[in-house]
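Participant: Chains as they are written, first to last, in the numbering used here: chain U, 4 to 131; chain W, 4 to 131.
For glycine and all other residues, C-beta sits at the position ideal for the given N, C-alpha and C.
Submitted below is the structure of interest, expressed as structure tokens.
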DNA sequence: TTGATACACATACATATGTAGTAGTATTAA
DNA sequence: TTAATACTACTACATATGTATGTGTATCAA
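Put into structure tokens, the structure is as follows:
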């Protein structure tokens, strides 16, 4: 259940599996841009580690190549990331928001959406 | 200028210096809760590493103890953290916001504040 | 002044992570 | 059928980080 912390490269690979479905190591590797593409064995090692963490598993073989599938859910993994960051801010979202704004990546639409989501969440809570 | 990435413990120590001002290693160590307090030398090693990264420096001595001061700014270090997280989301704030909301740490006031800040930033940009 | 105590500095070590090479086996194209 | 190719599994290694020990020196209280 408790998904272990995923490293940057591990996460990049998980994203590929979440987006493209089940893939072989080679296919995962070739998803990386030609320039700056890690060696096959780098991807291999990392996928094996993900396997050790229970984040992916082999579902079948094509030829002698194993096909891997994501076991960990995207939302779980991403929530974990944000939670980890938040803990560095003592659980306060406010400074995180400030920096998101500063970075210029937060749009007014994002905010509107967030507000709507938050109101809805509050309602659900109230009814419960 | 370019503050290197700070680890979790390094960041905890920086926070202490930002908040409490200039301190000796012993003082930093004693700021940690009795339960779960790292050894003196653990803090020492970490502060030396921070020094190596240029994030802190010695400003004076009291007895034979060095007093350290934060060189890196809090905002710079925190912005770096958020930027790093954001890069894991391909630069999109929206999913980050969603998780902040899910975590229950984001209040409507936080949103209002963020919106105001964002509008102000937009204005500044427009004038420029 | 001297013994206890605090501190500095160097070194060590395990784990996580990014990175990759190598040996051996399976597959496949000619 | 066999040589080239692909893939697996194992091993290796550097760096970052959390954690700490050991040795020697500086300081201070009695």
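#1: To which residues does DSSP link residue 72 of chain U through a beta bridge?
#2: Starting from the Cα of residue 50 of chain U, find the closest Cα among U/14, U/111, U/119 and U/110 and give me that residue.
#3: Using a Cβ-Cβ cut-off of 9 Å, state whether residue 73 of chain W counts as contacting chain U.
#4: Going by beta-carbon coordinates alone, are residue 26 of chain U and residue 80 of chain U separated by less than 9 Å?
#5: Residue 111 of chain W: buried (16+ other C-beta within 10 angstroms of its C-beta) or exposed?
#6: Quick one, which of U/23, U/92 and U/123 has its alpha-carbon nearest residue 18 of chain W's?
#7: Distance check for residue 99 of chain W and residue 120 of chain U, CA to CA, integer angstroms please.
#8: What three-state label does DSSP hand residue 96 of chain U in the structure shown?
#9: Give me the Cα-Cα distance between residue 48 of chain W and residue 106 of chain U, rounded to the nearest whole angstrom.
#10: Can you pull the chain W residues whose beta carbon is under 9 Å from the beta carbon of residue 8 of chain U, in chain order?
Facilitator: Let's see:
#1: Working through the first chain from its first residue, we reach residue 72 of chain U at position 69. According to DSSP, residue 72 of chain U bridges with U/60.
#2: In the first chain, residue 50 of chain U corresponds to position 47, counting from 1. Among U/14, U/111, U/119 and U/110, the Cα nearest to that of residue 50 of chain U belongs to U/14.
#3: Working through the second chain from its first residue, we reach residue 73 of chain W at position 70. Not closer than 9 Å to any Cβ of chain U, the Cβ of residue 73 of chain W fails to qualify, so no.
#4: Position 23 of the first chain, counted from the first residue, corresponds to residue 26 of chain U. Position 77 of the first chain, counted from the first residue, corresponds to residue 80 of chain U. Not closer than 9 Å, so no.
#5: Stepping through the second chain from its first residue, residue 111 of chain W is reached at position 108. Residue 111 of chain W should be labelled exposed.
#6: Reading the second chain from its first residue, position 15 is the one you call residue 18 of chain W. The shortest C-alpha separation from residue 18 of chain W is found at U/92.
#7: For the purposes of this step, residue 120 of chain U is taken as the residue at position 117 of the first chain. For the purposes of this step, residue 99 of chain W is taken as the residue at position 96 of the second chain. It is roughly 13 Å from the alpha-carbon of residue 120 of chain U to the alpha-carbon of residue 99 of chain W.
#8: Taking the first residue of the first chain as 1, we reach residue 96 of chain U at position 93. Looking at residue 96 of chain U - three-state DSSP - the assignment turns out to be helix.
#9: Residue numbering aside, residue 48 of chain W sits at position 45 when the second chain is read from its first letter. Residue numbering aside, residue 106 of chain U sits at position 103 when the first chain is read from its first letter. Going from the Cα of residue 48 of chain W to the Cα of residue 106 of chain U covers about 33 Å.
#10: Indexing the first chain from 1 puts residue 8 of chain U at position 5. Ordered by position in chain W, no residue passes the 9 Å Cβ test against residue 8 of chain U, which lies about 11 Å from the chain.
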